[in-house]
Every structure is written in structure tokens, then in C-alpha cells.
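Numbering of the sequence shown is given in the working numbering, commencing with residue 5 and proceeding in unit increments.
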Amino acid sequence: MTDEEVEISETGKGYEIIPITPIRRIERRMEHLEKAGSIPQLQTLITQIVEMIRTNQKIVNTIVNADAELRNEIAKLPPKIEDMTETMRRFLSLVEAAGRDEVSSPGPEAMRPLVEQLKIMADQNKKVIEGNQAMLDSLDNINRKMRAGTPISRLASAYPGLKLRKRGEM
Numbered sequence: 005m006t007d008e009e010v011e012i013s014e015t016g017k018g019y020e021i022i023p024i025t026p027i028r029r030i031e032r033r034m035e036h037l038e039k040a041g042s043i044p045q046l047q048t049l050i051t052q053i054v055e056m057i058r059t060n061q062k063i064v065n066t067i068v069n070a071d072a073e074l075r076n077e078i079a080k081l082p083p084k085i086e087d088m089t090e091t092m093r094r095f096l097s098l099v100e101a102a103g104r105d106e107v108s109s110p111g112p113e114a115m116r117p118l119v120e121q122l123k124i125m126a127d128q129n130k131k132v133i134e135g136n137q138a139m140l141d142s143l144d145n146i147n148r149k150m151r152a153g154t155p156i157s158r159l160a161s162a163y164p165g166l167k168l169r170k171r172g173e174m
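Shown next as C-alpha cells:
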């Protein structure tokens, strides 16, 4: 028998001849994976990514809570402003009626600046109502973007005046 020949006996053990190159390649890949799994920078990176995800979730929760609280507070304003506007109108009517009824009181010319100031205040109240409505629209827009999955960095850049704070901070 030569050196390259192998005798296989009939003792019940089966032998198979396979090329060794693929086995060596698999062994090298396993060694490489074992080395890569023990890199501390990889573990640190994974930890940082998980912490960033947690922080982003906290920020999203804070924004959602702040949005809900702000909506509740703004929803209370329009009825109060309407009441105040109606009260101002009644007061203005009383002042005008008192100016006409009293003979000894100053003439309507003397009351005109007061009436004009009250009209200006009523107009300002209307502007406040419009501003509050615009704020509600902006909050709706922010809420839609948050629910659509817009990243917090994009929301913050779209609304530069938006300031986030944790609950309990004033």
C-alpha cells in the first residue's frame, strides 16, 4: 500500500473523505466571531444605543403629556374670553347709556376716548382668541407629526420657540 492510500476495514466504523478547506474556513470564521463578540467597545455602543432609545422615549412621553396639558388649558380660554368680551360690551352699553341720560354729565365727546379704549380692548380680546386658535392648530400639527413618527429633532427644529420641561418644573 502507498502513503496516499488508506485502508478502510470492515469493523463497522464508517469513514468519509471530505476536503478540509471548507472546515478550516468555518473554523477561522468561528474564531473571528468569538473575538468580535468580546470587544468592549461593541458592548459600550449597544449600551449607548439602548440608553438613547430610552431617553428619546422619555422625551416623547414628556411632549405628549405637555401637549395634553396645554390643550386642556387652552380649551378653557375661549369661553372665558367670550364671557369677558360680553361683559365689556355690556359695560360699554351702560357707559354709553349713562352718557346720554345724564344732562349734567360731560357730553359724548368727553366719553369718546373711553369708548374708543374699550373698543380697542374688545379688538385685542378678539386677537387673543385668534392667537389661541392658532396655537391649538399648531398643537394639532405637532400631535399629528408625533403620532406619525416624526423624530423629535425634526419637531424641535420646526418649532424653535418650543421649550420642553419635565413635569413639576415651572
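A virtual CB, placed ideally from N, CA and C, is assigned to each residue, including glycine.
What you are looking at is a predicted structure, and each value in this text was computed from that prediction instead of being measured.
query	result
Alpha carbon of L98 to alpha carbon of I124, nearest angstrom	17 angstroms
Cβ pair I85, I133 closer than 8 angstroms	yes
I24 burial status per 10 Å Cβ neighbour count (16 or more: buried)	exposed
Distance CB(M150)-CB(V68) smaller than 8 angstroms	yes
Check: R28 C-beta below 7 angstroms from any heavy atom of the ligand FMN	Ligands displayed in this structure: none; no statement on the ligand FMN is therefore possible.
Contact check, L122 vs M92, beta carbons under 8 angstroms	yes
R148 versus V64 - alpha carbon distance	13 angstroms
Span separating the alpha-carbon of S142 from that of A70	14 angstroms
Run of the alpha helix (DSSP H) containing G135, from where it starts to where it stops	112-151
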